[in-house]
Structures are given as structure tokens and as C-alpha cells.
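Here the structure is laid out as C-alpha cells; the discussion comes afterwards.
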Amino acid sequence: MELIIASHNENKILEFKKKLGKKFFLKSLSDIGFKDDIPENENTIEKNAIFKSNFIYKKYNCNVFSDDTGLEIEALNSEPGVRSARYSGEEKNSLKNIKLVLKKLTGISNRNARFKTVISLIIDDKNYCFEGVVNGTIIDKPIGDMGFGYDSIFVANNMNKTFAEISIDEKNKISHRAIATNKLIDFINKKVF
Ligand code: IMP
């Protein structure tokens, strides 16, 4: 089955391809010739995910899914949350976002945080959502050069490495996105088309 990934984020696309590539004929937005940014102006992660998949569905009338992810930090009232990409400004600069998070957490001992992903799938004209959450902590300075976004400052519970110190295959076994993707796979396996 052909499925469009409504994202321009090469890191996400790679994570999804590694998990879904055997089961689906996955196409990215550039594969279908869509080069613009999809607006992300909603006020929750779930609404953003739904908006993105709907946007592409309306334009191309195809089976499509999108994900929206946010880092929710307890001591910052769940910020950056839905604003994770633009936390430090419109240029969506991950290093600046990390710097801002670490600055805001200076002197704060509660480092609890979670990554939350919502995947919105539109198939046969219906929308289905799948959520994945990973709890962990924010460390004092970035460690690791794999991964992307906030990976280098996040250590999942029961781990002693950041998400930027583990391979994409390891991250794909335990991450927020992997949990949501597994739910999507289960759903499609059980659904009669
Ligand atoms: P979006 O889901 O593409 O809107 O991502 C929001 C923000 O979260 C961006 O700054 C991403 O870099 C970051 N982000 C998304 N997924 C991950 C992840 O798996 N690890 C670390 N940061 C992520």
C-alpha cells in the first residue's frame, strides 16, 4: 500500500522508513513534488498532526500520515510542547532551542520531561490518531551527535545515554515516535481494507 509521509524532516522520514518501509510503499513530500512548509499553527500536538495530514490529503487525495512531536518539561509548565520547533524563534534552530531550554532550567532541580508524538493517519477518508510518550530527564549540557532536535539533552528513564548517543535502530525500539508507529502498524494489521 502507498502511504505519504507528510513531513520534510529527513531524520523523521528515515526513522519512519526503517519501521514502516517493509510494509508500505512510503513516499515523502519531496517524492510527490510538494516543497512548501505545511502550516503548524494549532495549539496542541494532536491538532497540529491532524492539520498536517489533512492538508496533504485535501491536496492529493491520498493515504497519508503525519506526526507532530513536542518535548514537555515539567518545571516549565510543559514547555516547549507544541512550540518545540520554534521555541527560540521562527528559524526553527535546534541548537538555539536547546540553549533556551537549558537557560530556563538553570538552577532548577526538577528535570522531568517527556517526548510526546501524535501520529495522524488518514486512510479511506477517515482520520485515526496514535500517541507515543517517553518519560525521562533533561541533562545539563548536550551529549552525543546522533539524532536530531532535542535528542542530545534527553535521557529516557532506565537509560544512561541521551537519544543522541544511541543509533537510529536503538532509538526506533524505544522512542515516542516508535511507540506511536507501533500502534499505527497494529491498527493497519487488524484493519480490513
Ligand atoms: P515537529 O514534530 O517536526 O513539529 O517537531 C517539533 C520539534 O521537536 C522540532 O524542533 C524537532 O526537531 C523536535 N523533535 C521532533 N521529534 C524529535 C525527536 O525524536 N527527538 C528530538 N527532538 C525532536
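Position 44 of the sequence shown, counted from 1, bears residue number 44 in my numbering, the numbering being contiguous throughout.
Cβ coordinates follow ideal geometry from the N, Cα and C atoms, glycine included.
(message) With the cut-off set at 8 Å, would you say residue 101 and residue 43 are in Cβ contact?
(response) In this structure, residue 101 keeps its C-beta atom at 8 Å or more from the C-beta atom of residue 43.
(request) Would you check whether the ligand IMP has a heavy atom nearer than 7 Å to the C-beta of residue 85? (result) Inclusion of residue 85 in the 7 Å shell around the ligand IMP follows from its C-beta lying nearer than that to a non-hydrogen atom of the ligand.
(message) Considering only the alpha carbon of each residue, which of 150, 163, 6 and 135 lies closest to residue 34?
(response) Measuring from the Cα of residue 34, the nearest candidate turns out to be 6.
(message) Can you list, in chain order, the residues of its chain with a C-beta nearer than 6 Å to that of residue 144? Leave out the 5 residues immediately preceding and following it.
(response) Contacts found: 152, 162, 164 and 165.
(request) Compute every distance between the C-beta of residue 110 and the non-hydrogen atoms of the ligand IMP, then say whether any falls below 7 Å. (result) Incorrect: residue 110 has no Cβ contact closer than 7 Å to the ligand IMP.
(request) Give a yes or no on whether the C-beta atoms belonging to residue 4 and residue 61 are separated by under 8 Å. (result) Taking 8 Å as the Cβ cut-off, residue 4 and residue 61 do not qualify as a contacting pair.
(message) Which residue marks the beginning of the beta strand (DSSP E) containing residue 64, and which one marks its end?
(response) For residue 64, the enclosing beta strand (DSSP E) has its first and last residue at 64 to 73.
(message) Nearest by alpha-carbon distance to residue 26: which of 37, 14 and 50 is it?
(response) Out of 37, 14 and 50, 14 has the C-alpha closest to the C-alpha of residue 26.
(message) Using C-beta distances below 7 Å, list every residue in its chain close to residue 176, excluding the 5 sequence neighbours before and after it, in chain order.
(response) Cβ neighbours of residue 176 within its own chain (closer than 7 Å, five residues either side excluded): 69, 115, 116, 117, 132, 133 and 134.
(request) Leaving out five residues on either side along the sequence, give the residues of the same chain with a beta carbon under 8 Å from the beta carbon of residue 56. (result) So the qualifying residues of the chain are 4, 6, 29, 34, 38, 62, 64 and 66.
(request) Pick out whichever of 179, 160 and 184 has its Cα sitting closest to the Cα of residue 129. (result) The option with the nearest alpha carbon to residue 129 is 184.
(request) Go ahead and label residue 179 buried or exposed: buried means 16 or more other beta carbons lie within 10 angstroms of its beta carbon, across all protein chains shown. (result) Residue environment for residue 179: buried (at least 16 other C-beta atoms within 10 angstroms of its C-beta).
(message) I need the DSSP call for residue 44, collapsed to helix, strand or coil.
(response) In the structure shown, residue 44 falls within a coil segment according to DSSP collapsed to helix, strand and coil.
(message) If I measure Cβ to Cβ from residue 32 and keep anything under 7 Å in the same chain, skipping five residues before and after, which residues do I get?
(response) The residues are 4 and 60.
(message) For residue 107, count the other beta carbons within 10 Å of its own beta carbon; 16 or more makes it buried, fewer makes it exposed. Which is it?
(response) Around the Cβ of residue 107, a 10 Å sphere holds fewer than 16 other Cβ atoms; the residue is exposed.
(request) Would you mind reading off the limits of the alpha helix (DSSP H) that contains residue 82? (result) Where residue 82 is concerned, there is no enclosing alpha helix (DSSP H), because DSSP gives it neither an H nor an E.
(message) Taking DSSP's pairing of strands, which residues face residue 118 in a bridge?
(response) 68 and 131.
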